[in-house]
Every structure is written in structure tokens, then in C-alpha cells.
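Peer 1: Going by UniProt numbering, the letters in the sequence shown line up with residues 1 to 222, in that order. Yeah, the Cβ is synthetic: ideal placement off N, Cα and C, and Gly gets one too. Below is the structure I would like to discuss, written out as C-alpha cells.
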Amino acid sequence: MAAPSPGPEHERFISWAKDQLGVTIDGVTPAKLPGRGLGVLATKPLKQGDLLVSVPAKALLTTETKHVKDVLLPKEATVHGRLAVYLTLMDGKEDAPHRLWQPVWPKKEEFDQIMPMNWTDRQKELLPAHAKSLLEKQQDKFEKDWELLKDRLPDKECRDLFIYYWLIVNTRTFYWDYPTTTRTGKQQVKRRKLIPDDCMALCPFMEYFNHADEGVGLFPTH
Numbered sequence: 001m002a003a004p005s006p007g008p009e010h011e012r013f014i015s016w017a018k019d020q021l022g023v024t025i026d027g028v029t030p031a032k033l034p035g036r037g038l039g040v041l042a043t044k045p046l047k048q049g050d051l052l053v054s055v056p057a058k059a060l061l062t063t064e065t066k067h068v069k070d071v072l073l074p075k076e077a078t079v080h081g082r083l084a085v086y087l088t089l090m091d092g093k094e095d096a097p098h099r100l101w102q103p104v105w106p107k108k109e110e111f112d113q114i115m116p117m118n119w120t121d122r123q124k125e126l127l128p129a130h131a132k133s134l135l136e137k138q139q140d141k142f143e144k145d146w147e148l149l150k151d152r153l154p155d156k157e158c159r160d161l162f163i164y165y166w167l168i169v170n171t172r173t174f175y176w177d178y179p180t181t182t183r184t185g186k187q188q189v190k191r192r193k194l195i196p197d198d199c200m201a202l203c204p205f206m207e208y209f210n211h212a213d214e215g216v217g218l219f220p221t222h
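So, in C-alpha cells, the structure goes:
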């Protein structure tokens with residue numbers, strides 16, 4: 001039986017990821033699962049050790065990506081903040097390099113329901129103590145990014161849009177420590193200086209594996 005289609009936006013994204021980014025996909029497909037949201041299904045019998053998805057490093061969206069570097073954001077800003085600013089500036093642009101990727105991300109309305117950062121003060125007060133503590137730290141990080149980077153955005157009205165993309169980066173990135181890829185060792189130096197919170201990259205298609213109704217057990221290696 002054919003796997004249920006996740007929708008035309010996902011099909012367009014997958015075609016783009018394969019054709020333009022060099023992502024290889026074999027034996028799996030994203031699918032909308034009744035009562036469970038979006039997940040990944042096998043399309044054929046799989047064996048231990050099968051390579052299901054391969055994403056080349058050049059396909060990752062990081063602060064080393066040419067389009068992100070071209071924005072010329074301050075180096076002292078967090079990787080999280082710089083990626084969020086880049087996505088905010090690209091929002092709605094027909095020539096945005098990742099315009100076919102963005103439609104498969106959660107909508108703002110979904111974040112308004114599930115992300116405590118977007119809740120009212122009354123709703124936040126209902127959180128357990130540990131969750132409140134985590135939320136305070138998250139809001140702290142956001143405010144620092146906003147204060148440092150808000151002048152790089154067209155106007156202060158962009159705050160809500162910046163929050164949205166900040167949460168996209170927060171929820172959809174994988175750990176990536178910017179390993180050395182050049183003979184000069186320049187990226188090696190960068191890797192040593194990065195704190196764990198800055199080791200992040202958006203990874204096309206692999207993010208489908210990064211979500212479940214229970215804990216996930218996927219760990220990218222390189």
C-alpha cells in the first residue's frame with residue numbers, strides 16, 4: 001500500500017532537496033499519520049545498516065552558508081540569532097534560496113498553541129516550576145539576541161516575525177560543530193571557540209526524524 005502523501009508542499013520540498021541540494025533518500029518518506037502529526041514511514045523492507053538518508057554538508061543551513069554570510073551580521077551574535085535574522089529578512093521573498101523548504105515548517109499559529117514563549121502571562125503561570133525555569137532561560141536568550149540584532153531588521157515591527165524564526169531555529173536544528181573542511185584549518189579554529197549552544201544547523205529532510213510524540217533516538221554523526 002502506498003504511503004499517504006504528506007501534501008504537495010512536502011513533495012515540492014523533497015524534489016528540491018534531491019535535485020538542488022544533493023540529498024539522497026532511499027526507503028523512507030514523510031507522511032501525515034492520523035493522530036500523530038507528521039512522521040516518517042518505510043516504503044520498502046529495511047535491514048539494519050541500510051543508508052536511508054544522506055545530506056551533504058553543503059546542503060546545511062548554517063552561519064557559514066554563503067547567503068547567511070552575505071547578510072554581514074555581527075560575529076558576537078549567537079548562531080541562533082544570526083540564523084533567525086537571516087530567515088526573517090528572507091521571509092516572503094520570491095528569490096529566497098530556501099523558499100521551497102519553509103512551507104514544510106510549522107506555521108506561526110501552531111507555535112502560538114504549543115510554544116510557551118508565545119503564551120499569555122496567565123498561561124505561563126500554569127506551567128510547573130521546572131518548565132517555568134526553562135522558559136525563563138529561553139526568554140533570556142531570545143531577549144539578548146533581539147537587543148543585539150534588532151537594528152539589523154527593517155523595523156521594530158519585525159519582532160513577532162523574528163520570534164517565529166527564532167523558534168524555528170530553536171526547534172528544528174541539529175548539533176553541528178562546524179568541522180574542518182579546508183586545508184587552512186580556519187573552520188577548525190571556529191569549532192574550538194563555539195559553545196555547545198552555538199553548534200547548530202538546519203538540516204533538510206533529516207528534521208522529519210527529529211520529531212515524535214515520545215523521545216527520539218536519532219544522533220547524526222560525521
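Quick one: grab the DSSP three-state call for K141.
Peer 2: Of the three classes helix, strand and coil, the one that applies to K141 here is helix, per DSSP.
Peer 1: Report the residue ranges of all beta strand (DSSP E) runs contained in full by the segment 20 to 59; include only those spanning at least 3 residues, in chain order.
Peer 2: Runs of the beta strand (DSSP E) inside the segment 20 to 59: 28 to 33, 37 to 42.
Peer 1: So is T120 buried or exposed if we call it buried at 16+ other beta carbons inside 10 Å?
Peer 2: T120 comes out exposed.
Peer 1: Quick check for students: name the residue ranges of the alpha helix (DSSP H) that lie wholly in the segment 88 to 172, counting only runs of 4 or more.
Peer 2: The qualifying runs are 108 to 114, 121 to 125, 129 to 149, 159 to 172.
Peer 1: CA-CA distance, S133 and D140?
Peer 2: Looking at the two C-alpha atoms, the distance is approximately 11 angstroms.
Peer 1: Thinking just about the alpha-carbon of each residue, which of Q48, V169, K69, P106 is nearest to the one in L202?
Peer 2: Out of Q48, V169, K69, P106, V169 has the C-alpha closest to the C-alpha of L202.
Peer 1: If we count the other Cβ atoms within 10 Å of its Cβ and call it buried at 16 or more, is V71 buried or exposed?
Peer 2: By the 10 Å Cβ count, V71 comes out exposed.
Peer 1: Hey, would you say K124 sits closer than 8 angstroms to L135, going by beta carbons?
Peer 2: Going by C-beta atoms, K124 is nearer than 8 angstroms to L135.
Peer 1: In this structure, does DSSP put Y208 in helix, strand or coil?
Peer 2: It is helical.
Peer 1: Does DSSP classify Y178 as helix, strand or coil?
Peer 2: It is coil, neither helix nor strand.
Peer 1: Taking the C-alpha atoms as reference points, what is the distance between G92 and G49?
Peer 2: Taking the straight line from one Cα to the other gives about 40 angstroms.
Peer 1: Assign L61 to one of three DSSP states: helix, strand, or coil.
Peer 2: Correct three-state label for L61: strand.
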